[in-house]
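If you count the sequence shown from 1, position 209 lands on 226 in this note's numbering, and the numbers rise without skipping.
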Amino acid sequence: MAKELIRLSGLTMTFEDGETVLNGINLYINDQEFLTLLGPSGCGKTTTLRIIGGFLTPTAGDVLFDGQRINDVPPHRRKINTVFQRYALFPHLDVYDNVAFGLRLAKLDENEVDRRVTEMLEIVSLRGFENRKVTALSGGQQQRVAIARALVNRPKVLLLDEPLGALDLRLRKDMQNELKRIQQAMGITFIYVTHDQEEALSMSDTIVVMDKGNIQQIGTPQDIYNEPKNAFVADFIGESNILDGIMRADRLVEFFGRQFACVDAGFAPNEPVDVVIRPEDIDIVPADQGHLCGTVTSVTFKGVHYDVIVDFKGFKWLIQTTDFQPVGSRIGICLNPEDIHVMHKSEYSGQFGDYSSYSAEYDEIAEGGDDEE
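Dropping the structure here:
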């Protein structure tokens, strides 16, 4: 049975300019859990992390650690350490002395310092780099020194704020695996902040999706991806075609004037709903054999698959397929019941899912940007 370590209760944060960045959020985090706060810039995830670390005091609500309220406990007295995107290593010290710094500050015996530093460098795969200047290390190696320094004094929790943001794509992938391995080897709680959905999906035990200071959904990566709660979550985690539908009855939804079998139930009869269909779940068939028929308007080669934009009655869908479909061709699609996911309408309904603005959306994703909240 997982043991609760941190609880955020009614956490609200309003800054002096009157902007509220957290709206009374409630969340618990278990011991030894890898939990990721995921969302766009300005959603409140970094603010949440800073409150847990003690760098910000919430306007209202409580932070409980092991059942004790710690709102007024300063950062250095919490059993919590933080790794920031900018690693803040000491450039004049070598790897060994960077990692040993906190232990010496705590006046530990030098033999104990040596034992712990050696053990940590082993865990982060930096044995043999003890005498190397940190300025001579690669970005990934500097990252690992920062993690070793944060973990060497054995906190119960490590907070990581966009720690891989400065690394190139290949190195990010390597470090994602490395972070998960380190977390499991150390057996401590990691609370990770990112706006990168792939990063969240690949590393986390639990994902907390946030937007506008509110938690939109909490669940395992599989839950969040396969059973999104609303149009925001469906759009933010992976690619999604999101359309208006009507739930005619349990396991029967209507969209584009046709009725489709689905696996969802528990909606009111004839309730307006949002329907999500993932691009990779759509089967392309000859035009005369499909449930729906449309025209290919754009094809982008992505290496493993093609991103194909198809116009169905003026609504643009994204389909991901390994079969090339030329622009202008008419194609049919088949949808299986388990490929259709039905969600209640929300404030986000109608904002996502039509790929008319496809290229603009891709440009926006490419730009990324820092998360200043």
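Glycine included, each C-beta is placed from N, C-alpha and C at the ideal position.
| query | result |
| --- | --- |
| Beta-carbon proximity of threonine 65 to aspartate 178, cut-off 8 Å | no |
| Burial state of glycine 56, where buried means 16 or more other Cβ atoms lie within 10 Å | buried |
| Simplified DSSP assignment, three categories, for serine 363 | coil |
| Short Cβ contact (8 Å threshold) for isoleucine 241 with isoleucine 259 | no |
| Beta-carbon contacts of glutamate 297 that lie in its chain and below 7 Å, excluding the five residues immediately before and after | Gln337 |
| Contacts around isoleucine 197, its chain only, beta-carbon distance under 6 Å, and the 5 residues preceding and following it disregarded | Position check: residue 197 holds lysine in this sequence, whereas isoleucine was assumed. Hits under 6 Å: Met220. |
| Alpha-carbon spacing of glycine 331 relative to histidine 308, whole angstroms | 16 Å |
| Sheet register partners of glutamine 276 (DSSP bridge) | Glu271 |
| Per DSSP, cross-strand counterpart(s) of threonine 2 | Because the chain is modelled from 18 through 390, residue 2 falls outside the range shown and cannot be assessed. |
| Within the region 41 to 99, ranges of the beta strand (DSSP E) (whole runs, at least 3 residues) | 51 to 55 and 77 to 82 |
| Alpha-carbon spacing of leucine 110 relative to lysine 150, whole angstroms | 6 Å |
| Own chain partners of glutamine 159 with C-beta closer than 7 Å, once the 5 adjacent residues on each side are dropped | Tyr104, Leu106 and Val151 |
| 6 Å CB neighbourhood of phenylalanine 207 in its chain, flanking five on each side removed | Phe51, Leu175 and Gln200 |
| Alanine 377 (DSSP reduced to helix, strand or coil) | At alanine 377, the pLDDT of 43 sits below 50, so the modelled position is not reliable; the number obtained from the coordinates is stated separately. It is helical. |
| DSSP state of glutamate 21 mapped onto helix, strand, coil | strand |
| Secondary structure of glutamate 139, DSSP reduced to three states | helix |
| Per DSSP, the bridge partner or partners of glutamine 337 | Asp324 |
| Cα-Cα separation, lysine 173 to leucine 335 | 44 Å |
| Beta-carbon proximity list for serine 373, same chain, < 6 Å, skipping 5 on both sides | Lys333 |
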